[in-house]
Structure formats: structure tokens, C-alpha cells
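Asks: This structure is in C-alpha cells; I'll ask about it shortly.
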Amino acid sequence: MTIFTVWVSSCRVNSPPLPPDTGGAPGLRCSSWPPGGAPGLRRSSCSRKRTATTRSTMDTLLDFEECLQDSPVFRVTVDQFESDVAGLELQVNKVMKCCANMLEAGQVYSTANQLFVSSLAEFSGRHKKEDIIAKCLRQFNQGLQEMVNFHTMLLDQTQRAINQQLTSLLTQFFPPLGEIRREFVRIGDDLETAALKNAQVSRHKASDAERASHLLIATRKCYQHFALDYCLQLNNFKIQQEVDILNSVFSYFHAQYTFFHQGFDLLKDLEPTMKTMATQVRPDLFISMETRVPSLSCPCVLDQDIDS
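Residue numbers (UniProt numbering): 1 to 308.
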């Protein structure tokens, strides 16, 4: 005797007959996660006969009336939902893996960039006597250090926006949904067994027939209860995953916006320093050229050398 003995004992002897089945033979509802299905689980005949007209159902919600009737439409719709859930789980894992690789590479880049900025800072110590150049070098170094800090902040915000939010989706919704589905499949198997026993019992044995009928009624009610709960969880998951994914992508995009906006403002503030440095570099370059090649500073000297 199964766990539904309580249900059997609670049924009345004069229970009303079941309404005509509008969704095929009772108890033949069994679905599995694609692809290939879970081992040991049978797939319903309707799921094997999908047509090209079957569309993705994650853009709609499951109909509770179809659920109570256990209609072929409900079975195909649930199968499509399960396929989309399995595909979404693979996509989320892929995004998180790529994000982790990107963050790891970003940490390596930030470390190398920090060492590079520190080495550039040593240049300012060689121009202590030239106040303007030393000041410009210090300001440039401070600006580069700020850029390194901005990049570190971007990596941290990316980790929170992508990994943390999607991890919450994986841990809070996928495992409970899988557990409910396993219970749904189990009660579907029990309903199939009860329907088979009810069909095979001899009608000449009134007590056995009555017991099998009550077991079928109780199991079907329990199946409807689990089916409604499963549909509710699938609908909630469909809505929640849209919100979480959109929120995650939006947070990441906002982090990118903040990173580039801060960099633009920083370079805008350094623009006067860049102009000051440009006015210093050009005269120094001209003087350096005159010092290295003095003959080029006076064309007449060059002409005299050629004539001689």
C-alpha cells in the first residue's frame, strides 16, 4: 500500500464518479528534463509526438484549467517549460563561467597595470629641480592611479552584478524546482499504477473494485494537487528569472557606464595639465635639437661648409 492510504481511507464509499477524461488515459503523464531525459523515467506518448507547430512557451504562463484536466496541451506545454528551464540553467552556468574567467584575467591586468604605474612614478624623482615638469608628472601619475582604482571597482561591481545575482538564481530557484518536479513525476507514476490496477480488477469482486476505485480517486486528487503546485512554481520561476537576468545585465551595464564616465571626467580634469606639459615639451625638444645638431640651427654655416 502506498503513502496514499490516508487518502483512500478518507474517501467515501459513495464517492461520485469521475468526469469523462478530456486529456487521454489517466496516469500517463510523465515528463523528463531534456535532453535525453532522466534515467528510469518514461516519456509520455504525447511528448514523443511533438509537431513543428509547437512553440516555445516561456513567453506564456501555464493554464491551471488545462492542468486540472491533464490535457495534451498541458503536457506539451509543461514539456516545453522543462526544456526551456534546462536550457536556461546551461546558459546561466556558461555566463558565470565566462564571467569568472574575465574577472580572473582582469585581476591579472590590474596587478600588471599597478606595477607599471608605480614604475612611471619613479620618473618624477628625476626632475625635482624642474618644478613644472615634476608637478605635471605627479599629476599624471595620480590620474593613472585613479584609473587603476576605477578598473578595480569595475571588476568588483561586475562580480556582484553577474556572479552574485545569477548564483542566487541558481541556488534559490533551480534546486527547489527540480525537487518539485521529481515529486510530480513520482505521483504521476503512482497515478498510472492506480489506473492500471483499477482497469485490471475483476468487477465480480465488489470489494476489490471499490478499493481500486477509491485508490484511483485519491491518487488523482493528489496528482492534481502536485500538478497545480508544480505549475505555480514554473510560472513563478518564469517571471522571477526574467527579473533577475534583466537586473543582472542592467547592473553590469551601469557599472560600465560609471567606469567610462569617471574616466572621462578624470581626463577632463587633467586637460590643463596636459596643455602645460605640451608647452614645456615643445621648447625643450627644440632646444635639445639645437644642442645635438648645432650646424642645423644656422643654414648659412652649412652653406659655407659645403662651398669650402
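Idealized CB from N, CA, C, for every residue including glycine.
#1: Per DSSP, what kind of secondary structure is Lys-205 in: helix, strand or coil?
#2: Using the Cβ count rule (16 or more neighbours within 10 Å means buried), how would you classify Asn-149?
#3: So what's Leu-61 in DSSP terms, helix, strand or just coil?
#4: Within 10 angstroms of its Cβ, does Leu-115 collect 16 or more other Cβ (buried), or is it exposed?
#5: Considering only the alpha carbon of each residue, which of Gln-240, Cys-99, Gln-139 and Val-117 lies closest to Val-85?
#6: Using CA coordinates, which residue listed in Pro-72, Phe-74 and Leu-88 is at the minimum distance from Lys-238?
#7: Using a Cβ-Cβ cut-off of 8 Å (strictly less than) and excluding sequence neighbours within five positions of Leu-177, which residues of its own chain qualify?
#8: Which same chain residues, not among the five before or five after Met-102, have their C-beta less than 8 Å away from its C-beta?
#9: Do you know whose CA, among Val-92, Cys-99 and Cys-231, lies nearest Asp-156's CA?
#10: Distance check for Ile-180 and Asp-189, CA to CA, integer angstroms please.
#11: Among the residues of its own chain, which have a CB less than 8 Å from the CB of Gly-263, if the five just before and after it don't count?
#12: Using beta-carbon positions only, say whether Leu-169 and Asp-244 come within less than 8 Å of one another.
#13: Leaving out five residues before and five after Phe-123 in sequence, what residues of the same chain have Cβ atoms less than 7 Å from its Cβ?
#14: Alpha carbon to alpha carbon, what distance is there between Ala-209 and Asp-70?
#15: Between the Cα of Gln-142 and those of Leu-270, Met-277, Ala-278 and Thr-276, spot the shortest distance and give me the residue it belongs to.
#16: What three-state label does DSSP hand Asp-70 in the structure shown?
#17: Does Pro-299 pass the burial test, meaning 16 or more other C-beta atoms within 10 Å, or should it be called exposed?
#18: Leaving aside the five residues before and after Gly-24 along the sequence, list all residues of the same chain whose C-beta is less than 6 Å from its C-beta, in chain order.
#19: Write down every uninterrupted run of the beta strand (DSSP E) in the stretch 88-131 whose length is 3 residues or greater and which is fully enclosed by it, in chain order.
#20: If I follow the unbroken alpha helix (DSSP H) through Ile-180, where does it start and stop?
#21: Using CA atoms only, rank isn't needed, just tell me which of Asp-265, His-225 and Ala-278 is closest to Leu-68.
#22: What do you get for residue 309, buried or exposed, if any count of 16 or more other CB atoms within 10 angstroms of its CB means buried?
#23: Rounded to whole angstroms, what's the CA-CA distance from Leu-120 to Gln-256? Just pull it up for me.
#24: Cβ atoms of Ala-199 and Thr-219: under 8 Å apart, would you say?
#25: Give me the residue from Leu-144, Asp-79 and Leu-215 with the minimum Cα distance to Lys-197.
#26: Excluding the 5 residues flanking Tyr-223 on each side, which residues of the same chain have their C-beta closer than 7 Å to its C-beta?
#27: In three-state terms, what does DSSP make of Leu-270?
#28: Quick one: residues in its chain with C-beta nearer than 6 Å to the C-beta of Thr-258, no 5 flanking neighbours on either side, listed in chain order?
#29: Leu-246 to Val-201, Cα distance in whole Å?
Replies: This is what the structure gives:
#1: The sequence position of residue 205 within the sequence shown is 205, counting from 1. Looking at Lys-205 - three-state DSSP - the assignment turns out to be coil, as it is neither helix nor strand.
#2: Taking the first residue of the sequence shown as position 1, residue 149 is located at position 149. Per the 10 Å Cβ criterion, exposed.
#3: The residue you call residue 61 lines up with position 61 of the sequence shown. DSSP places Leu-61 in coil when its eight states are reduced to three.
#4: Within the sequence shown, residue 115 is the residue found at index 115, counting from 1. Leu-115 comes out exposed.
#5: In the sequence shown, counting from the first residue as 1, residue 85 sits at position 85. Per the Cα distances, Gln-240.
#6: The residue given as residue 238 occupies position 238 in the sequence shown. Nearest C-alpha to Lys-238: Leu-88.
#7: Within the sequence shown, residue 177 is the residue found at index 177, counting from 1. So the list reads Val-85, Gln-233, Leu-234 and Phe-237, once near-sequence residues are dropped.
#8: Locating residue 102 in the sequence shown gives position 102, counting from the first residue. So the qualifying residues of the chain are Thr-158.
#9: Locating residue 156 in the sequence shown gives position 156, where the first residue counts as 1. It is Cys-99.
#10: Position 189 of the sequence shown, counted from the start, is the residue given in the question as residue 189. Position 180 of the sequence shown, counted from the start, is the residue given in the question as residue 180. The straight-line gap from Cα to Cα measures roughly 14 Å.
#11: Translated into positions along the sequence shown, residue 263 becomes position 263. Here the set comprises Met-147 and Phe-150.
#12: The residue labelled residue 169 in the question sits at position 169 within the sequence shown. The residue labelled residue 244 in the question sits at position 244 within the sequence shown. Taking 8 Å as the Cβ cut-off, Leu-169 and Asp-244 qualify as a contacting pair.
#13: Sequence index remark: in the sequence shown, residue 123 carries index 123 (1-based). Taken in chain order, the residues that qualify are Leu-137.
#14: As a first step, residue 70 must be located in the sequence shown, where it is residue number 70. As a first step, residue 209 must be located in the sequence shown, where it is residue number 209. One C-alpha to the other measures close to 24 Å.
#15: Locating residue 142 in the sequence shown gives position 142, where the first residue counts as 1. When each option's Cα is compared against that of Gln-142, the closest is Leu-270.
#16: As a position in the sequence shown, residue 70 is number 70, starting the count at 1. Three-state DSSP puts Asp-70 in coil, outside helix and strand.
#17: Reading the sequence shown from its first residue, position 299 is the one you call residue 299. Note that Pro-299 scores 49 on pLDDT, short of 50, meaning its location in the model is unreliable and no value can be drawn from it.
#18: To locate residue 24, count along the sequence shown from 1; it is residue 24. At Gly-24, the pLDDT of 39 sits below 50, so the modelled position is not reliable; the number obtained from the coordinates is stated separately. Nothing meets the Cβ criterion.
#19: none
#20: For the purposes of this step, residue 180 is taken as residue 180 along the sequence shown, with counting starting at 1. Start and end: 174-200.
#21: Taking the first residue of the sequence shown as position 1, residue 68 is located at position 68. If we check each option's Cα against that of Leu-68, His-225 comes out closest.
#22: Here the chain has residues from 1 to 308 only, and residue 309 is not among them.
#23: For the purposes of this step, residue 120 is taken as residue 120 along the sequence shown, with counting starting at 1. For the purposes of this step, residue 256 is taken as residue 256 along the sequence shown, with counting starting at 1. Cα to Cα, Leu-120 sits roughly 27 Å from Gln-256.
#24: To locate residue 219, count along the sequence shown from 1; it is residue 219. To locate residue 199, count along the sequence shown from 1; it is residue 199. Against a cut-off of 8 Å, the Cβ pair of Ala-199 and Thr-219 comes out as no contact.
#25: Taking the first residue of the sequence shown as 1, we reach residue 197 at position 197. With distances taken between Cα atoms, Lys-197 lies closest to Leu-215.
#26: For this step, residue 223 is matched to residue 223 along the sequence shown. Excluding positions up to five away in sequence, the list reads Ile-187, Gly-188 and Leu-191.
#27: Reading the sequence shown from its first residue, position 270 is the one you call residue 270. The answer is coil: DSSP assigns Leu-270 none of H, G, I, E or B.
#28: Looking up residue 258 in the sequence shown gives position 258. So the list is empty, once near-sequence residues are dropped.
#29: Residue mapping note: residue 246 aligns to position 246 of the sequence shown, counting from 1. Residue mapping note: residue 201 aligns to position 201 of the sequence shown, counting from 1. Using only the alpha carbons, I get a separation of about 55 Å.
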